[in-house]
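K.L.:
Take 1247 as the starting number for the sequence shown in this note's numbering and just add one per residue.
Below you'll find the structure I mean.
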Amino acid sequence: LSSITPEETKEMTEAVPRHTLGLLLSMRLGAGLWAGLNYYAVSPMRFYGGDMTEGVQSADFTLSQSFKLAGNPARLRFMVKDLLGSYFDFEDETLSGRRSYLTLQVDF
1247 LSSITPEETK
1257 EMTEAVPRHT
1267 LGLLLSMRLG
1277 AGLWAGLNYY
1287 AVSPMRFYGG
1297 DMTEGVQSAD
1307 FTLSQSFKLA
1317 GNPARLRFMV
1327 KDLLGSYFDF
1337 EDETLSGRRS
1347 YLTLQVDF
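Printed below as a string of structure tokens:
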């Protein structure tokens, strides 16, 4: 049997952020048109086996339009991720930065 050392216990307690915050603002702008702003923050932490982070703050924006395409429900969505800039959330080398997506979903 193995035992956990005090150093391992300390490392695991840092693997959970002390504070987290998530806010979502969603608005209906018109017939089938929606906009949303999502804000997310966590206090400094160290993923188990990863690097220490200084905490993460991120914001995403989404604009979507629902409509019919060939009689089927569809949604066109534009999203911008990481409006507040770049951050890393596991290792220093894993940098997440601003990016945009345009998706089309059609339900058959």
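C-beta atoms are modelled at their ideal positions from N, C-alpha and C, and glycine is treated no differently.
1. Which same chain residues, not among the five before or five after Leu1309, have their C-beta less than 7 Å away from its C-beta?
2. Just to confirm, are Arg1264 and Ser1289 a CB contact at a threshold of 7 Å?
3. Helix, strand or coil, according to DSSP, for Met1232 in the structure here?
4. Report buried or exposed for Val1302, applying the criterion of at least 16 other Cβ atoms within 10 angstroms of its Cβ.
5. Rounded to whole angstroms, what's the CA-CA distance from Arg1345 to Gly1331? Just pull it up for me.
6. Could you tell me the distance, in whole angstroms, from the CA atom of Leu1270 to the CA atom of Phe1293?
7. Around the C-beta of Met1258, are 16 or more other C-beta atoms found within 10 angstroms, so that it is buried, or is it exposed?
8. To which residues of the same chain is Thr1349 closer than 6 Å at the C-beta, ignoring the five residues directly before and after it?
9. Should Met1291 be labelled buried (16 or more other beta-carbon atoms within 10 Å of its own) or exposed?
10. Under the rule that 16 or more other beta-carbon atoms within 10 Å means buried, what is Thr1340, buried or exposed?
P.N.:
Inspection of the coordinates gives the following:
1. Looking up residue 1309 in the sequence shown gives position 63. Cβ neighbours of Leu1309 beyond the five flanking positions: Ala1281 and Phe1324.
2. Locating residue 1264 in the sequence shown gives position 18, counting from the first residue. Locating residue 1289 in the sequence shown gives position 43, counting from the first residue. Yes, the Cβ-Cβ distance between Arg1264 and Ser1289 is below 7 Å.
3. Residue 1232 falls outside the range modelled here, since the chain spans only 1247 to 1354, and no answer is possible.
4. Start at 1 with the first residue of the sequence shown, and residue 1302 comes out as number 56. By the neighbour-count rule (16 or more Cβ atoms within 10 Å), Val1302 is buried.
5. Against the sequence shown, residue 1345 aligns to sequence position 99. Against the sequence shown, residue 1331 aligns to sequence position 85. Rounded to whole angstroms, Arg1345 and Gly1331 show a C-alpha spacing of 10 Å.
6. Taking the first residue of the sequence shown as position 1, residue 1270 is located at position 24. Taking the first residue of the sequence shown as position 1, residue 1293 is located at position 47. Straight-line Cα distance between these residues: approximately 25 Å.
7. Sequence index remark: in the sequence shown, residue 1258 carries index 12 (1-based). Looking at its Cβ environment, which holds fewer than 16 other Cβ atoms inside 10 Å, Met1258 is exposed.
8. Sequence index remark: in the sequence shown, residue 1349 carries index 103 (1-based). Contacts found: Arg1323.
9. Taking the sequence shown and counting its residues from 1, one reaches residue 1291 at position 45. Met1291 should be labelled buried.
10. For this step, residue 1340 is matched to residue 94 along the sequence shown. Per the 10 Å Cβ criterion, exposed.
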